[in-house]
Structure formats: structure tokens, C-alpha cells
Amino acid sequence: MPLLTTTDLEFSVGHQVLLDKVNLQLDEGERVCLVGHNGSGKSTLLAIVEGSLQADAGNIRRQPGIHVASMPQSPLDAAPQTTVFEAVAQGLESVGELLARFHHLVHSDDMDALAEVQEQLEAVDGWSFHQKIENTLTRLNLDGEQRIGELSGGWRRRVALARALVAEPEILLLDEPTNHLDIAAIEWLEQAVLDYRGCVLFITHDRALIDKLATRIVLLDRGHLRDYPGSFSEFQVRRDEDLRIEQEQNALFDKRLAEEERWIRTGIKARRTRNEGRVRALKKLRETYAQRRNVQGSARLSLEQGENSGKIVAELQGVTHGYGDKKLISGFDLGIMRGDKLALIGPNGAGKTTLLRIILGELQPDQGSVRQGSKLQVAYFDQMRSVLDDNKTVVDVVGQGRESITINGKQKHIISYLGDFLFTAERSRSQIRVLSGGERARVILALLFSQPANVLVLDEPTNDLDMETLELLEELLIEFEGTVLLVSHDRAFVDNVASACLLFEGAGRIDNFVGGYSNIPPKRIEAAFSQREKAQQAATPPPPASQGTEAPAAEKKPAAKLSYKLQRELDSLPDTIADLEAEIDALNERSQRPDFGTLPHDELTAHLSLMAEKQQALDDAMERWLELSEQ
Numbered sequence: 000m001p002l003l004t005t006t007d008l009e010f011s012v013g014h015q016v017l018l019d020k021v022n023l024q025l026d027e028g029e030r031v032c033l034v035g036h037n038g039s040g041k042s043t044l045l046a047i048v049e050g051s052l053q054a055d056a057g058n059i060r061r062q063p064g065i066h067v068a069s070m071p072q073s074p075l076d077a078a079p080q081t082t083v084f085e086a087v088a089q090g091l092e093s094v095g096e097l098l099a100r101f102h103h104l105v106h107s108d109d110m111d112a113l114a115e116v117q118e119q120l121e122a123v124d125g126w127s128f129h130q131k132i133e134n135t136l137t138r139l140n141l142d143g144e145q146r147i148g149e150l151s152g153g154w155r156r157r158v159a160l161a162r163a164l165v166a167e168p169e170i171l172l173l174d175e176p177t178n179h180l181d182i183a184a185i186e187w188l189e190q191a192v193l194d195y196r197g198c199v200l201f202i203t204h205d206r207a208l209i210d211k212l213a214t215r216i217v218l219l220d221r222g223h224l225r226d227y228p229g230s231f232s233e234f235q236v237r238r239d240e241d242l243r244i245e246q247e248q249n250a251l252f253d254k255r256l257a258e259e260e261r262w263i264r265t266g267i268k269a270r271r272t273r274n275e276g277r278v279r280a281l282k283k284l285r286e287t288y289a290q291r292r293n294v295q296g297s298a299r300l301s302l303e304q305g306e307n308s309g310k311i312v313a314e315l316q317g318v319t320h321g322y323g324d325k326k327l328i329s330g331f332d333l334g335i336m337r338g339d340k341l342a343l344i345g346p347n348g349a350g351k352t353t354l355l356r357i358i359l360g361e362l363q364p365d366q367g368s369v370r371q372g373s374k375l376q377v378a379y380f381d382q383m384r385s386v387l388d389d390n391k392t393v394v395d396v397v398g399q400g401r402e403s404i405t406i407n408g409k410q411k412h413i414i415s416y417l418g419d420f421l422f423t424a425e426r427s428r429s430q431i432r433v434l435s436g437g438e439r440a441r442v443i444l445a446l447l448f449s450q451p452a453n454v455l456v457l458d459e460p461t462n463d464l465d466m467e468t469l470e471l472l473e474e475l476l477i478e479f480e481g482t483v484l485l486v487s488h489d490r491a492f493v494d495n496v497a498s499a500c501l502l503f504e505g506a507g508r509i510d511n512f513v514g515g516y517s518n519i520p521p522k523r524i525e526a527a528f529s530q531r532e533k534a535q536q537a538a539t540p541p542p543p544a545s546q547g548t549e550a551p552a553a554e555k556k557p558a559a560k561l562s563y564k565l566q567r568e569l570d571s572l573p574d575t576i577a578d579l580e581a582e583i584d585a586l587n588e589r590s591q592r593p594d595f596g597t598l599p600h601d602e603l604t605a606h607l608s609l610m611a612e613k614q615q616a617l618d619d620a621m622e623r624w625l626e627l628s629e630q
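Numbering-wise (numbering that gives the first Met the number 0), the sequence shown opens with residue 0 and increments by one.
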């Protein structure tokens, strides 16, 4: 018997129909992956299934007693002063309330209240749930004592994921669960879902995750669901065949409609009489044509190839670099040749972005030498989207004052060029602040590919891309004759693009492996991710890519040349830097929400001013830390 069934669900936003008589059945033990273009309504369907959003029409039937838990894309709904442990415990309802209260009382002097809560927990087997929360926090590298208000959007998503997992509901809903997770956390998530006995409905663009987890794939396309049992590879073949058949049928329909339109025109002119039955049939054809929703176009990506760089792109010898006592890179040698496609693999905070900056000459290493090759033209995909000005339009950002874009010698009008990235003429004139995450990613790609380049630096480029755009990006990178430096937690993407991988193994060690992610021995990957330091296990958010550095660790030994006051200042700066980075991440997360552009003008101005103020404070703190640490 199905756990949940939807019948003829309908939902629209304005004139856009997202769900058109959608029928979905979820059975016990199923793991269903929901796929579709960005903006097709996948998250909307999940919200309706969860019960947090009401459909315009249709109904949902659940078995009595069915509990549904979710990890949405939207920010975690928890008070800023709530600890991570307390937020995760909320997923356990009444038992969670007891655990959260116990967690709070442990740090108080009220022994009587603590004893009472302990007794209540023992009566409901609460300690097993307590251990489950602790285990989940450990595997997701979350610090149960940290406050929600101190976390960036990405780390809050980890908390939401932990809260959904510990609840063990009959139906678990996951919306892009791998975003902001490193590979070790993704693989742990895979095993957790495989061990889970309930039904899972999840949205993801991670093809390796789909192949590992999905028992069937459901495609949401132009308001309708199509069911595809089997693997992702089988889904691709059957989907393409279905679209081919649909295109052939549409072509035959269009041909018949054109013939009937010619008949009605020539008939009136020549005979002034009509076959009323044929006229009625023509009207029906016209209605059918008007209601038809054609397949959304695919992005057509092309890259402005720069002139060939020198044969040697970069050469590193004996490079060592770190912050305080933390050694990120130690005695590292590397040669990068023209045409290499190099992926950097390792835990968050291991030093991947730092190494990229050293390779590109943006950061001088503490020791060793770096030599850049000749004729380098570098294009940088920034993970944090920091190059986007929310007040500018898509045309302004990509066109940069140009009316046309030249790609490999061929000129295109800026609106036509943006159409290749699925922006309509109207959407091209929208401000950046109102764009979705997927649209922002496509703006970055459009800007990136409009610049002549022979070296591409891609820092987490796959976040927010739908699978069709992701596959096209892969094809372009494979065919690209220049050099690619890639940081990504998407294993399938790395396998398909990379010719070699650098594995960050901890304590400054970096090893080189020929091939993609699958060519690295699993035990080496497991060892590398298990080496992360205690500082990385805490939920201190990663630094913005625009800074490109990990937050420096505090010096353990006082610098002899510093006064007591200056040493105290130096010791406090890493915490200040981490706090500022967390605040900036939270502000960036808020500004990327779809409703941000609808805020009153004074609130928008205040928000942007605060972002600029925090960024300046971070720059000043980093500069001060470097100044004091060098004395």
C-alpha cells in the first residue's frame, strides 16, 4: 500500500503553470529522484508533499500516522541563539525538546531540573536519540555548541540535513542535499540514505548520487511527471528517445495544421463555402497548438578561445604555505602543462583555494618558487558569485557596455548571446538581485565564456546548474584546448573532465593521481578526509572565494617581539576574522534569495551598506593579522 499519493495536483505562479494535474505515488522503501530544469517546479512539488505549501487544486492522500521530514533549499528556520544540537534535536519533536532542555541544563547550576529531565529521558529511551544526534553531528562536521546565528547559509543547510536525518520519518524529502558538502560528507550521506528504511524523495544534480541511491527517476517537464525506473544512464537514453518521438509527433501535427490553414484560406476565396465539420476540426487543432508547451531549450555554450599559452603553464618547486601553526602545503612540487585538466580534491579548508592562488601568482608562498608560463589568459569562475553586482542587469554584467559579443571570430548581439544561456530578452534586462541561484550561475558562465581564455579556473561551478547545462559544460571543458584548474565535490563531473587529480591528504601533503576521482584509491580518499583537524570539524564556515584564504589559526606561542597587548590582539584576530566571514556569508545568502529584490528601497540600501562595511572590516582584520604575525 502506498505511503502517499497525489492526484491531479495543480499549481501556478502568475501565468506560469508549474504543476498540471500531477500524479505521484510514493511507496515504502523507495528512493525517488525528482529531476527537471531549473524553475520547473521541483521544490514546489516537494513543499506540497511536505504540507508546507497548498496546491491550487488536487489532493494528497497519506496513510494514517505517516511522518514527513524535509531538508529544504531555504535557510534553516531557527533562532540565532539556538545551538546546533538544539536545532537538530527539534527534528525529534517531544523527545527532541527534552534533549534540547538537557543540553541547556548541563551548562547551568540547576541540578534538580537536570535530574528531572534525565529521568524523563530514561523513560523514553532518550539517550539512544542523544547518541544518534551526536553521531550525525560528527559525521557532518558540525559543532553542537555553536550558535545558528554564527553559521553561513551552507553550514545551516548541514544542520537542516542533520535534523531531517535524525527524525527517521516514514517519508524523507531532500532538496539538493549535497550542496556545500565535501566528498566525505556526501559519501556518508549516501550510506545513511541507503541504510534508511523509509521512502526518500530527493532533488539533486549530483549524477553519482542518483546512480547510487535512486530506485526510480521522475522527470518534471512542463508541468507533467514522467516515470523512469532504473539507473540515471537508462533514464538519459529513455528521456532522449521520448523527446525525439515528441518532436516527430509535433512536426506531423504542425504539418497537418499548416495544410488545414491553407485549405480554409483557399476555400473561402474560391468557393465561399466551407465544410463545417472540417472547420470545427481546424478550430480544435488551433486550440491544441495554443495549449502546447514546447520543450525548454538547452543552453548552447561556446567559449572564446584565447591564443595558445606557452607549453608550461606553471611550475612549482618546494612550495610551502600555511597560517600560524597550520601547514596547508609542505614542500610541494608540480608542473602544469598546456592542456592539462587538473582537479583539486580534499576537505573544506584543506588549502585548495590557497594553492590555486599560488599557482596563478595571486599569493606568494612562505617558501619555494613559482614560475608562471607565458601568454596566460585566465578566466575565473568564482564560487561565491562575488563578481555579481546585485544592482546591475544581466545585460550590464555580461555585456560590460558592449552591444555584441565576439566568440571565436563570430559576432552575436548581447541579447542573442544571453539567449544561448536560456535568458529571454525580458529576463536579460532583470537585475541580478531577483535571479535564482541557477540563473546566477548561468550569468557567471556567460561572463566567463565571453572572455578570451586559455586557462579556466573553476571553483565549484556545478552548484545550482540543472543537469542539461551541467552536461553541456562538461562537453565544452572536454573539448577546450587550454588548461583547466577545477575544484569540485561533484564526483561524476571530476571523472568526466579531469586528466589528473591533486589529493590534499592533510598536514601539508598533496599527492598527484592520473585520471579522475575514480582513479584515486578509496582508502587514500578516506584517509585524506579523516585527517581534517579539530578546527575544521567545528562549524566555522569556509572563507569566501573572493578572499581565497583559510582563516588563520591563532599562534600557540607568543611572539617574542610583541608586547602583551599586541599579542592579545593577535590571538583574538582569528576569531574576529571567522566571525566576520560568517556574517558576510549570511548576508550573501540573504541577498541571493528570490524575494530579496522585493524589499523596500531603504532596507536594500541598508543591507548593501552593511555588506560593504563587513567586507571592509574583514579586509582590515586580515591585513592587521598579517602585520602582527610578521613582527
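For every residue, glycine included, the Cβ atom is placed at its ideal position computed from N, Cα and C.
Residue from the options with nearest C-alpha to residue i
i, options, result
"E169", "D181, L2 and F84", "L2"
"P510", "L343, Q15, L212 and I583", "Reading off the sequence shown, one finds Asp at residue 510, where the question assumed Pro. The option with the nearest alpha carbon to D510 is L343."
"A78", "D174, L23, S39 and R146", "R146"
"E467", "D239, R215 and G350", "D239"
"E258", "E245, A280, R237 and R30", "A280"
"A213", "S232, D220 and H223", "S232"
"G644", "P346, G323 and E314", "What the structure shows of the chain is the stretch from 0 to 630, and residue 644 is not part of that stretch, so it cannot be assessed."
"L455", "A99, F479 and G436", "F479"
"E144", "V83, M336, E175 and H179", "V83"
"G360", "V312, K391, K325 and G323", "V312"
"V217", "G35, S449, Q615 and S487", "G35"
"D458", "N347, L607, A112 and D253", "N347"
Endpoints, the alpha helix (DSSP H) within which residue i is located
i, result
"V192", "I182 to D194"
"M644", "As shown, the chain starts at 0 and ends at 630. That puts residue 644 outside it, with no answer to give."
"D494", "R490 to V496"
"P521", "P521 to S529"
"S11", "First-last for S11: L3 to V12, but that is the beta strand (DSSP E), not the alpha helix (DSSP H)."
"D202", "Checking the displayed sequence, the identity of residue 202 turns out to be Ile instead of Asp. From DSSP, I202 is part of no alpha helix (DSSP H) but of the beta strand (DSSP E) over C198 to I202."
"E149", "Neither: E149 is in no alpha helix (DSSP H) and is coded neither H nor E."
"R428", "Element bounds for R428: n/a, residue is neither H nor E."
Spatial distance of residue i from residue j (CA atoms)
i, j, result
"R439", "M70", "22 Å"
"R428", "G418", "12 Å"
"A445", "A163", "36 Å"
"E473", "P460", "11 Å"
"S517", "A183", "14 Å"
"R271", "N37", "At R271 the pLDDT is 42, less than 50, meaning the model places this residue with poor confidence; the figure from the coordinates comes in the next sentence. Answer to the nearest angstrom: the Cα atoms are 50 Å apart."
"G95", "D241", "47 Å"
"V199", "R401", "48 Å"
"A605", "R432", "15 Å"
"K411", "S403", "5 Å"
"A452", "V483", "10 Å"
"L355", "Q430", "31 Å"
"G13", "D55", "12 Å"
"F10", "R225", "17 Å"
"F331", "P364", "11 Å"
"N587", "E92", "31 Å"
"G317", "L375", "23 Å"
Residue range of the unbroken beta strand (DSSP E) whose run includes residue i
i, result
"I344", "K340 to I344"
"Q316", "I311 to Y322"
"R508", "R508 to V513"
"S368", "Q366 to Q371"
"I357", "Looking at the DSSP string, I357 is not in any beta strand (DSSP E); the run it does join, the alpha helix (DSSP H), is K351 to I358."
"E504", "A499 to G505"
8 Å contact criterion, which residue i and residue j should meet: CB distance rounded
i, j, result
"D494", "D205", "With a Cβ gap of about 12 Å, D494 and D205 do not count as contacting."
"T319", "G367", "6 Å"
"L33", "K41", "5 Å"
"E29", "R215", "7 Å"
"G309", "G372", "4 Å"
"F503", "G345", "3 Å"
"K340", "S230", "Not confirmed; about 26 Å, so no contact."
"M610", "I583", "7 Å"
"L8", "G57", "4 Å"
"L141", "R157", "6 Å"
Within the region 15-85, ranges of the beta strand (DSSP E) (whole runs, at least 3 residues): 15-25, 30-34, 56-61 and 67-70
Report the residue ranges of all alpha helix (DSSP H) runs contained in full by the region 373-417; include only those spanning at least 4 residues, in chain order. 393-398
Restricting to runs no shorter than 4 residues, where is the alpha helix (DSSP H) found entirely within the region 206-252? 206-212
Taking the runs of the alpha helix (DSSP H) that are 4 residues or longer, which of them lie wholly in the region 83-129? 83-88, 92-104 and 110-122
Inside the region 433-473 only - alpha helix (DSSP H) runs reaching at least 4 residues: 436-448
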